[in-house]
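J.: Residues in the sequence shown are numbered from 7 upward in steps of one, following my numbering.
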Amino acid sequence: MAKPMKSSSKTSRRTSAKSVDVADSYAVRLMQHLVVPTFVIDPKRRVVIWNRACERLTGLAASEVIGTDKHWQGFYETRRPCLADLVALDRPELLPEFYSEYAARGHNGLGFSAENWCTMPKLGNQLYLAIDAGPIHDEAGHLIAVVETLRDLTDQKRAEMALKELATKDGLTGLSNRRAFDQTLVTEWARAHRTQRPLALLFADVDHFKLFNDHHGHQTGDECLRAVAAVVSRHAVRPLDLASRYGGEEFALILPDMDCDSACVIAEEIRGAVTALAIAHGAAGAGDQVTLSVGVASQIPGAGDSGPDRLLGAADEALYVAKRLGRNRVISAERVLAEFASLGRQAAAVPGPLRRKSA
7 MAKPMKSSSK
17 TSRRTSAKSV
27 DVADSYAVRL
37 MQHLVVPTFV
47 IDPKRRVVIW
57 NRACERLTGL
67 AASEVIGTDK
77 HWQGFYETRR
87 PCLADLVALD
97 RPELLPEFYS
107 EYAARGHNGL
117 GFSAENWCTM
127 PKLGNQLYLA
137 IDAGPIHDEA
147 GHLIAVVETL
157 RDLTDQKRAE
167 MALKELATKD
177 GLTGLSNRRA
187 FDQTLVTEWA
197 RAHRTQRPLA
207 LLFADVDHFK
217 LFNDHHGHQT
227 GDECLRAVAA
237 VVSRHAVRPL
247 DLASRYGGEE
257 FALILPDMDC
267 DSACVIAEEI
277 RGAVTALAIA
287 HGAAGAGDQV
297 TLSVGVASQI
307 PGAGDSGPDR
317 LLGAADEALY
327 VAKRLGRNRV
337 ISAERVLAEF
347 ASLGRQAAAV
357 PGPLRRKSA
């Protein structure tokens with residue numbers, strides 16, 4: 007009686023093993039034909055599946071990566087981990103280093119999600135991809151594979167970036183607008199407060215611009231503003247510098263990590279470059295050509311400074327003094343009294359803080 011039972015047991019195991027093989031084979035075929043770009047790596051981070059949709063997305067053939075750990079070549083110029091690698095390594099702390107947007111879905115087998123720009127070396131273009139990677143475990147809880155799926159969000163991301171740029175750019179000059187200026191100033195002020203480094207601010211105003219508009223017309227006035235904006239923009243050369251159109255004929259330049267003397271040098275370069283444009287003015291009560299007045303202030307935030315209002319007021323006051331002293335000049339907040347004294351004026355004539363600007 008025992009022998010038939012033994013034979014039946016062996017037959018059952020063979021049937022079960024065959025069912026698993028069939029299921030595995032079916033799962034592989036299904037994954038190969040998915041319209042979603044998908045690849046699978048084993049615990050040693052070698053590629054075991056690279057489906058056809060993934061070939062089309064990356065331009066990298068399955069034959070080039072199957073059995074290797076070179077799946078990164080489909081997405082990046084230099085070697086770096088893909089999201090599936092971080093799941094296989096169980097390293098969620100590395101997510102912020104490699105991905106602009108990410109989410110770790112816990113250590114209970116749910117994996118990670120992320121988004122970032124990929125260079126796509128085989129295709130020669132950049133794609134913005136949404137990525138999901140999740141682990142597969144056996145019945146004992148051991149990792150046997152990691153599945154990564156990808157979605158191309160390039161068109162959506164570019165549309166989002168275009169809308170964001172539209173919301174932060176001045177339509178006439180292409181510089182950052184007032185909204186972007188206010189946001190950046192608050193951000194840079196907070197950073198300067200943490201690092202205890204100076205933050206410089208320039209306010210530049212086109213002299214007698216209303217007379218220019220009245221004399222030459224608004225179209226020529228717009229051309230003048232665009233020309234001045236180009237000069238200001240050329241002096242925002244570092245990654246954190248921001249050139250903006252503050253309003254009307256007034257421009258602002260945020261210069262992090264810069265003291266007043268260095269900022270005055272830049273202000274003088276801008277003033278000289280606008281003069282060198284030789285834009286004819288000629289309106290009654292103005293000079294022969296368009297000029298610029300610039301106010302400069304720089305400050306290291308102190309413990310009692312809750313925001314950049316004092317910096318704004320100082321730069322604004324310096325600009326006002328530049329106007330009062332005859333225009334076409336650079337005045338720093340540090341030298342307001344000295345400039346008045348050099349012209350034999352009384353200290354009482356120096357205007358107090360105007361506070362017409364606020365972040």
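Note that the Cβ used here is the ideal one computed from N, Cα and C, for glycine as well.
Using 8 angstroms as the threshold, is the C-beta distance between A289 and H224 below it?
T.: No, the Cβ-Cβ distance between A289 and H224 is not below 8 angstroms.
J.: If you check the beta carbons only, do T174 and A186 fall under 8 angstroms apart?
T.: Yes, the pair counts as a contact, with Cβ atoms nearer than the cut-off.
J.: Check the C-beta distance from T74 over to R52 and give it rounded, since I have them as a contact under 8 angstroms.
T.: Going by Cβ atoms, the distance from T74 to R52 rounds to 6 angstroms, so yes, they are a contact pair.
J.: Would DSSP call G177 helix, strand or coil?
T.: Looking at G177 - three-state DSSP - the assignment turns out to be coil, as it is neither helix nor strand.
J.: For C270, which of helix, strand or coil comes out of DSSP?
T.: Looking at C270 - three-state DSSP - the assignment turns out to be helix.
J.: Is G310 helix, strand or coil by DSSP?
T.: Residue state, collapsed to three classes: coil.
J.: By how many angstroms is the C-alpha of A303 removed from the C-alpha of R316?
T.: So the two alpha carbons sit approximately 10 angstroms from each other.
J.: What separation, rounded to the nearest whole angstrom, lies between the Cα atoms of V54 and A168?
T.: About 39 angstroms.
J.: Return the bridge partner residues of R251 from the DSSP annotation.
T.: In the DSSP output, where bridge partners are listed per residue, R251 has F257.
J.: Residues bridged to C124 by DSSP?
T.: Answer by DSSP bridge pairing, in chain order: L133.
J.: D81 lies in the beta strand (DSSP E); which residues open and close that run?
T.: According to the sequence shown, residue 81 is Phe rather than Asp. F81 -> no beta strand (DSSP E), and no H or E assigned at all.
J.: Suppose contacts are defined by Cβ-Cβ distances below 8 angstroms. Is V46 in contact with V153 by that definition?
T.: Yes. Within cutoff.
J.: Quick check on the burial criterion: 16 or more other C-beta atoms within 10 angstroms. Buried or exposed for V131?
T.: At residue 131 the sequence reads Asn, which differs from the Val that was named. N131 is exposed by the Cβ-count criterion.
J.: Measuring only the C-alpha atoms, how far is L133 from G301?
T.: Cα to Cα, the separation comes out at about 44 angstroms.
J.: Looking at the strands, I want to know which residues DSSP matches up with E107.
T.: Paired residue(s): E121.
J.: Using only CA atoms, which one of A236, R157, R200 lies nearest to L63?
T.: Of A236, R157, R200, the residue nearest in Cα terms is R157.
J.: Report the rounded CA-to-CA distance for S338 versus D161, giving the unit in angstroms.
T.: In a straight line, the C-alpha of S338 is about 46 angstroms away from that of D161.
J.: Since C266 and A309 should fall inside the 8 angstroms C-beta cutoff, what is the C-beta to C-beta distance between them, to a whole number of angstroms?
T.: No, C266 and A309 are not in contact; Cβ-Cβ is about 21 angstroms, not under 8 angstroms.
J.: Measuring only the C-alpha atoms, how far is H113 from T190?
T.: Reliability of the predicted coordinates at H113 is poor, the pLDDT of 48 falling under 50, and no value is obtained from them.
J.: To the nearest angstrom, how far is it from the Cα of S299 to the Cα of R333?
T.: Going from the Cα of S299 to the Cα of R333 covers about 5 angstroms.
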